[in-house]
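Quick note: the sequence shown uses our numbering, first residue 489, plus one each step.
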Amino acid sequence: MKAVFYLNDQGIGIYSDHCQSFPHPQFFGWEETQAIEDWLATLPNRLQVSVVMDLVDEDIAIEASPKLYLWEKSAVEKRLIERLESEGADFVHTQWTGLTQTNPEGRAEELILSASIAAPTHVMRFISALEEAEIIVTGIYSAPFLLAEYFKSYLKPVFNLGKSELNGPYFVISRQSQNTYRQTFFNDGRLRISRLIEIDKEEDDFCGFQSALIHEAKLARNYVYNQNLTKEHELIGYVFLDSDERCLSGLEQRCLDEGLIISPEELAKAIFETMTFHALSFDKAFCGADPQAYFAEQAMADYLLSDTPRKFYFNDYVKKINNVLTGHKALIGVNTLVFLSLITYGLVFGINLYLNQQKIEMLDEQIKNHIVEKERLQNEVDLQIDAKEIKASVDFSEAILSLKTDRTVGFKVKPISDVFSQHQHIQLITLEWKQVERFDSHQYEVEIGGWVFPFEEYFRKPVEWVDALISDLEKVPNISQVALVQEPLNRDLKQALSIELEDESVTALPFKIRMRVNDVESK
489 MKAVFYLNDQ GIGIYSDHCQ SFPHPQFFGW EETQAIEDWL ATLPNRLQVS VVMDLVDEDI
549 AIEASPKLYL WEKSAVEKRL IERLESEGAD FVHTQWTGLT QTNPEGRAEE LILSASIAAP
609 THVMRFISAL EEAEIIVTGI YSAPFLLAEY FKSYLKPVFN LGKSELNGPY FVISRQSQNT
669 YRQTFFNDGR LRISRLIEID KEEDDFCGFQ SALIHEAKLA RNYVYNQNLT KEHELIGYVF
729 LDSDERCLSG LEQRCLDEGL IISPEELAKA IFETMTFHAL SFDKAFCGAD PQAYFAEQAM
789 ADYLLSDTPR KFYFNDYVKK INNVLTGHKA LIGVNTLVFL SLITYGLVFG INLYLNQQKI
849 EMLDEQIKNH IVEKERLQNE VDLQIDAKEI KASVDFSEAI LSLKTDRTVG FKVKPISDVF
909 SQHQHIQLIT LEWKQVERFD SHQYEVEIGG WVFPFEEYFR KPVEWVDALI SDLEKVPNIS
969 QVALVQEPLN RDLKQALSIE LEDESVTALP FKIRMRVNDV ESK
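And the structure:
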């Protein structure tokens, strides 16, 4: 469940996507101290809150600094934050713009943007009350910068604005309430100034609204020129965002008639767009939305409920919450990875176990068939044949049995099995083989995987046991090469596995041996 608390100089607006707890937007004036305290006490424990600050006392500035190396910039930011806090700022945000300029002395400078709020006492008291009530405050946002993110994320593709257009100077004039608008000026892709204006006209006087709005826009344009925020007489674009389509109807022609835009040619070169806020639909609109009163405040609330814009202002409480949430996400990621790894390991182990069991069953069935065949051949032997012929027949049958059994894997496995049976500290886990060289070759490459145990913090004994196994394998007549391809020396103790042996839990180390087997008897 998520909610947005919109703080302005009049009070607090509350918006949420959970319609049972917040069926309609609510508003408390700052003078309603007891009502705010009672309302905070009713908030659910798991409510995640985004706080938006839309205050007149927010100061936005861009300052110049000598060009620095990357590792030197943090010290400059720290000094700037300390200075703004010493001047009374409660919240400070700084960021390097990536823009450079040359000062009158010819020195290259980099520009750093700062936003700061000297919050009134009632605002700071409310922020502290959220912490005391243990409300999960996931982020504190600046209304002008949040509007800038909203514009770049949602309106830029709608208006089909390119990079060159967004890097030029333009105003975004957005309706905040019934009689309040915000003028936000951008240049070089950065927010430069933002101020609130009030239009003192009747609600149904749309022509008066437009004329007053254009007059305020001309004053803001002249201020931008006078403050050298852009070159004098450089074309400035305009984007008007309103809640009522009637306030935007015919606005383009009125801007030409009243001199905000000089000529149709200028209009064609600069940005000029109009749109209502409710023309954009969000996945998670707040409960009880009123299309007739859908201003910038309501649009920003929907934006925060539907998306996750970058965090802006921070205090100690918000930093602590974000650290906890980041750690929680990391823990979920690690647990998911471990769970998937276990599933993969279990699946592979199960398939190998099934295949090995099939091979064993096939060998058992062949052995039974060979025994039956041997007994049948022995019964058919004529008792009058002399002892030498009887012995020859029996030897021949046994040879056939041995040949058929060994040919199941292509070579004699009994000598190898005998070697493993002599080493009590070795347990065979996997046996894989393949024919090498020609398709009719009698040479095989065999790879054996197993465990050596017990492992009691020292590697010397397990190594000696594996070396003894290799030494014995080298003595087997039909084995020409033996190589240890995975030593039991993985020093990451987390990978040590436990196996069951004689009802005791022991710790084992894995190893692998690859050897070349020459089936000379088949030649």
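The beta-carbon is built from N, C-alpha and C at its ideal position, and this holds for glycine as well.
Excluding the 5 residues flanking residue i on each side, which residues of the same chain have their C-beta closer than 6 Å to its C-beta?
| i | result |
| --- | --- |
| Ala-607 | Asp-578 |
| Leu-587 | Leu-599, Asp-676 |
| Pro-797 | Glu-637 |
Pick helix, strand or coil for residue i, following the three-state DSSP scheme.
| i | result |
| --- | --- |
| Arg-613 | helix |
| Val-836 | helix |
| Arg-742 | helix |
| Met-850 | helix |
| Pro-903 | helix |
| Thr-718 | coil |
| Tyr-658 | strand |
| His-581 | strand |
| Pro-752 | helix |
| Gly-576 | coil |
| Asn-648 | coil |
| Asn-966 | coil |
| Arg-798 | coil |
| Lys-689 | coil |
| Phe-774 | coil |
| Asn-496 | strand |
| Leu-622 | Here the sequence assigns Glu to residue 622, which means Leu is not the residue at that position. Glu-622 falls in the coil class under three-state DSSP. |
| Tyr-782 | coil |
| Ser-562 | helix |
| Thr-590 | strand |
| Lys-807 | helix |
| Leu-601 | strand |
| Thr-530 | coil |
Which residues in the same chain have their Cβ closer than 7 Å to the Cβ of residue i, if we skip the five residues on either side of it in sequence?
| i | result |
| --- | --- |
| Glu-441 | The requested residue 441 is not part of the displayed model; the chain covers only 489 to 1011. |
| Ser-538 | Val-492, Thr-626, Gly-627, Tyr-629, Leu-792 |
| Lys-982 | Reliability fails at Lys-982, whose pLDDT of 48 lies under 50, so the model's placement of it is uncertain and no value is given. |
| Ile-605 | Met-541, Leu-543, Asp-545, Glu-546, Ala-577, Asp-578, Phe-579 |
| Gln-508 | none |
| Ile-702 | Arg-742, Cys-743, Glu-746, Leu-748 |
| Ser-737 | none |
| Pro-532 | Met-489, Ser-509 |
| Ile-917 | Gly-937, Gly-938, Trp-939 |
| Leu-723 | Glu-754, Lys-757, Ala-758 |
| Glu-849 | none |
Are the CB atoms of residue j and residue i within a distance shorter than 8 Å?
| i | j | result |
| --- | --- | --- |
| Arg-663 | Phe-783 | yes |
| Thr-764 | Asp-730 | yes |
| Phe-908 | Tyr-932 | no |
| Asp-542 | Leu-618 | no |
| Phe-728 | Ile-687 | no |
| Ala-631 | Ile-548 | no |
| Lys-1000 | Val-973 | yes |
| Arg-1002 | Glu-935 | yes |
| Thr-585 | Arg-678 | yes |
| Pro-554 | Arg-595 | yes |
| Gly-499 | Glu-785 | no |
| Glu-720 | Tyr-713 | yes |
| Gln-671 | Ala-708 | yes |
| Ser-968 | Asn-1006 | yes |
Roughly how many angstroms separate the alpha carbons of residue i and residue j, rounded to a whole number?
| i | j | result |
| --- | --- | --- |
| Gly-834 | Ile-904 | 28 Å |
| Phe-674 | Ile-624 | 33 Å |
| Ser-504 | Glu-733 | 26 Å |
| Gly-725 | Phe-800 | 27 Å |
| Arg-979 | Leu-634 | Here the model assigns Arg-979 a pLDDT of 46, short of 50, so the residue's position is not dependable, and the following value carries that caveat. C-alpha separation (whole angstroms): 51 Å. |
| Leu-558 | Gln-583 | 13 Å |
| Glu-691 | Phe-516 | 24 Å |
| Val-901 | Ile-859 | 19 Å |
| Lys-892 | Glu-920 | Confidence at Lys-892 is low in this model, with a pLDDT of 46, below 50, so the placement of that residue should be treated as unreliable; the coordinate-derived value is given next. Looking at the two C-alpha atoms, the distance is approximately 19 Å. |
| Glu-622 | His-610 | 19 Å |
| Asp-804 | Leu-828 | 36 Å |
| Ala-956 | Asn-840 | 28 Å |
| Leu-654 | Ser-641 | 12 Å |
| Ala-552 | Leu-830 | 55 Å |
| His-911 | Thr-832 | 31 Å |
| Gln-666 | Glu-593 | 49 Å |
Kindly indicate if chain D contains any beta-carbon less than 8 Å away from that of residue i.
| i | result |
| --- | --- |
| Phe-774 | As a matter of chain content, chain D is missing from the structure shown, which is built from one protein chain. |
Return the chain-ordered list of same chain residues with a C-beta closer than 8 Å to the C-beta of residue i, the five sequence neighbours on each side being excluded.
| i | result |
| --- | --- |
| Pro-752 | Leu-744 |
| Pro-976 | Val-940, Phe-943, Phe-947, Pro-950, Val-951, Val-954, Leu-997, Pro-998, Phe-999 |
Q.
Any contact between the stretch 640-655 and the stretch 681-696? By contact I mean 3 or more CB pairs, one from each, below 8 Å.
A. Not touching, per the Cβ criterion.
Q. Is there contact here, the stretch 560-570 with the stretch 516-531, by at least three beta-carbon pairs under 8 Å?
A. When Cβ pairs closer than 8 Å are counted between the two stretches, the stretch 560-570 is seen not to touch the stretch 516-531, the count staying below three.
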